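Enquirer: Before I ask anything, here is the structure I am working with.
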Amino acid sequence: MAVLPAAGGLTPLLSRLGALIRAEGPLSVARYMAECATQPGHGYYMKADPFGSAGDFTTAPEISQMFGEMVGLWCALAWQMMGSPPRVHLAELGPGRGTLMADLLRATARVPGFREAAHIHLVEVSPVLAERQRQALSGHDVRWRQAFETLPQDAPLLVVANEFFDALPVHQLIRGDDGWHERLVDVDPEERGLRFVVGRAVTPLAALLQPACRNAVPGEIAEICPAGVRTAAAIGSRLAAQGGAALIVDFGHGESGCGASLQAVRQHGRDDPLAAPGEADLAAHVDFPTLLRAASDSGARGFGPIGQGAFLTRMGIDLRARQLASGNPAHAKDIAEARDRLVEPEAMGSLFKVIAFVASDIPTPPGFETTEVAQAAPDPC
Ligand code: SAH
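Residue numbers for the sequence shown, in the working numbering: 101 to 481.
Written out as structure tokens, the structure is:
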């Protein structure tokens with residue numbers, strides 16, 4: 101149970117959640133996560149810029165320009181594999197401060213025809229972050245969109261997303277003696293904070309669980325992310341219909357399985373997910389095999405996951421680090437440290453993973469040789 105800190109713990113969102121729970125009953129973990137992230141005016145992403153050393157967490161594009169540059173190189177190569185179409189919609193999901201897109205565009209400035217072809221779209225729900233993105237991308241013609249589904253359909257797509265899927269709401273299910281029950285968020289009896297409770301009836305959401313969870317024992321927790329699956333399926337259908345490619349980077353499992361991964365991060369440290377709604381970043385591990393299956397069921401080809409370290413190495417980050425260091429010897433140590441943070445397995449190199457979806461007429465995308473995911477056989481159950 102999360103008990104509120106004595107002073108300053110009553111966040112504006114907590115009052116709203118308390119009223120909502122009293123009116124409608126306990127909330128699913130997914131509804132709680134959605135309220136905490138994107139509730140207008142009070143949600144975590146809606147009111148402040150959470151990134152960087154003064155914020156709560158630092159993402160790969162904020163660690164080094166090399167990350168966005170390697171993603172840019174991947175996009176330009178994928179565009180060439182598509183036959184260098186004269187028009188392509190280049191869309192980023194959850195662009196944060198706009199750093200990745202700015203680095204991507206700078207890195208591809210000299211690829212003949214790419215920048216002229218690319219129409220830039222940012223899928224973002226936060227007005228505060230959209231403003232940051234406008235500043236980072238001043239001088240570029242950019243369109244903002246609230247949802248992936250509203251992207252235009254008249255040209256192929258290039259989609260990139262870093263640490264977007266981990267922010268999408270997950271449901272948590274807990275195994276009981278009689279089947280799976282939904283884990284819910286309730287006010288605590290003294291109404292000083294929030295606590296987890298277990299839904300009384302068995303939940304139909306259990307039908308969405310991975311086969312790997314079928315042998316779970318009572319007390320085990322499993323997560324499902326319908327919003328992530330819907331987004332991956334939508335990307336897959338668009339790629340099948342319009343052509344194009346997508347690159348998704350995030351932290352999470354290489355294999356689907358059971359377990360609770362919902363976490364809260366605040367001021368670069370772990371926090372209780374229920375302690376300060378709207379004030380901490382809530383995220384859950386991404387289930388890559390499930391996203392790959394959703395995209396391939398929708399008609400795209402899926403590749404990966406491969407470690408972020410392997411991906412960046414294959415895209416040439418070491419050469420780029422040497423170039424940057426020789427051009428700026430005073431910063432050589434910082435550049436080497438940033439490279440290590442992004443690539444080394446004990447840092448971000450293996451927990452963070454990369455998957456790609458491509459239209460069926462496009463060859464294997466760069467970095468993903470020998471990683472194509474076989475078309476899933478129909479589930480016998
Ligand atoms: N890609 C950036 C930011 C990652 S944080 C980086 O790597 O630095 C997650 C981003 O997704 C933020 O920009 C947040 O506002 C956005 N976001 C979160 N939930 C969203 C949703 N449901 N729809 C669109 N954007 C969302």
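We put the CB at the ideal spot given by N, CA and C, even for glycine. These figures come from a predicted structure and were not determined experimentally.
Note the first and the last residue of the continuous alpha helix (DSSP H) segment covering Val171.
Expert: Segment Gln165 to Met181, the alpha helix (DSSP H) holding Val171.
Enquirer: DSSP state of Gln363, grouped into three classes?
Expert: It is a strand residue.
Enquirer: Using a Cβ-based criterion (distance less than 8 Å to any ligand heavy atom), does Ala327 qualify as near the ligand SAH?
Expert: Flag set: Cβ of Ala327 near the ligand SAH.
Enquirer: Using 8 Å as the cut-off, can you tell me whether the stretch 150 to 157 makes contact with the stretch 179 to 189, which would need three or more C-beta pairs spanning the two stretches below that distance?
Expert: No, because fewer than three Cβ pairs between the stretch 150 to 157 and the stretch 179 to 189 fall closer than 8 Å, the two stretches do not touch.
Enquirer: Cutting at 7 Å between CB atoms, please list the residues of its own chain near Asp440, excluding the five before and the five after it.
Expert: Cβ neighbours of Asp440 beyond the five flanking positions: Ala447.
Enquirer: Kindly identify the DSSP beta-bridge partner or partners of Ala532.
Expert: Nothing can be reported for residue 532: it is not among the residues displayed for the chain, which extend from 101 to 481.
Enquirer: Suppose only complete runs of 3+ residues qualify. What are the beta strand (DSSP E) ranges in the stretch 355 to 419, listed by chain order?
Expert: Counting only runs of 3 or more, we get 363 to 366, 369 to 371, 381 to 383 and 401 to 407.
Enquirer: Relative to the alpha-carbon of Gln310, which residue among Thr390, Ile462, Leu339 and Pro195 has its alpha-carbon at the smallest distance?
Expert: The shortest C-alpha separation from Gln310 is found at Thr390.
Enquirer: Quickly, what does DSSP pair Ile324 with across the bridge? List them, please.
Expert: DSSP lists His271 as partners of Ile324.
Enquirer: Look at Ala332 and Ile348 and say whether their C-beta atoms are less than 9 Å apart.
Expert: Yes; because the gap between Cβ atoms is below 9 Å, this pair is in contact.
Enquirer: Measure how close the beta-carbons of Ile41 and Asp241 come, nearest whole angstrom, since I'm counting them as under 8 Å.
Expert: This structure leaves residue 41 out entirely; the chain is present only between 101 and 481.
Enquirer: Given the structure, does Arg197 come close to the ligand SAH, in the sense that its CB is under 8 Å from one of the ligand's heavy atoms?
Expert: Yes, the ligand SAH has a heavy atom inside 8 Å of this Cβ.
Enquirer: Nearest-angstrom Cα distance between Pro186 and Ala236?
Expert: For Pro186 and Ala236, the distance between alpha carbons rounds to 25 Å.
Enquirer: Between which two residues does the beta strand (DSSP E) holding Arg243 run?
Expert: Run containing Arg243: Val242 to Arg245, per the beta strand (DSSP E) assignment.
Enquirer: Secondary structure at Phe468, three-state DSSP: helix, strand or coil?
Expert: It is coil, neither helix nor strand.
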